[in-house]
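Participant: I'd like to ask you about the structure that follows.
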């Protein structure tokens, strides 16, 4: 798949994931929170928890479930960016790291929400 298609697919997935989270009662605080350390796709507030969400979108699970593509190094970068976010904006709150995967085709994705994924 061409890089532009992958980027577009990722944008679609992130938008659908944000809508899904809103429907589930999350308040979206940030999307694509980016620092020199890395990026977090979506930051939400759910109850008292701050939730950092990594979104993975795939047209199939031919190579395994999309969440398996999140490497240990990626998780470590997300944690570092989350610490930075919290130091700037949300001190003294509990947090968790969720993953949302979307698989299917361009018009019909199945959403899988994995709270506390890592």
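In our numbering, the protein residues as written are 356 to 473.
Glycine is no exception: its CB is placed at the ideal position from the N, C-alpha and C atoms.
Source: prediction; values computed, not measured.
Can you tell me the Cβ-Cβ gap for residue 407 and residue 433, rounded? I've got them flagged as a contact below 8 Å.
Facilitator: 6 Å
Participant: Helix, strand or coil, according to DSSP, for residue 381 in the structure here?
Facilitator: coil
Participant: Just to confirm, is the Cβ distance from residue 451 to residue 458 under 9 Å?
Facilitator: no
Participant: In angstroms, rounded to a whole number, what distance separates the CA positions of residue 439 and residue 381?
Facilitator: 21 Å
Participant: For residue 444, which option in 418, 362, 399 has the closest C-alpha, if you only look at C-alpha atoms?
Facilitator: Ranked by Cα distance from residue 444, the first of 418, 362, 399 is 399.
Participant: Mind checking whether residue 372 and residue 396 have CB atoms under 9 Å apart?
Facilitator: yes
Participant: Are there 16 or more other CB atoms within 10 angstroms of the CB of residue 411, so buried, or fewer, so exposed?
Facilitator: buried
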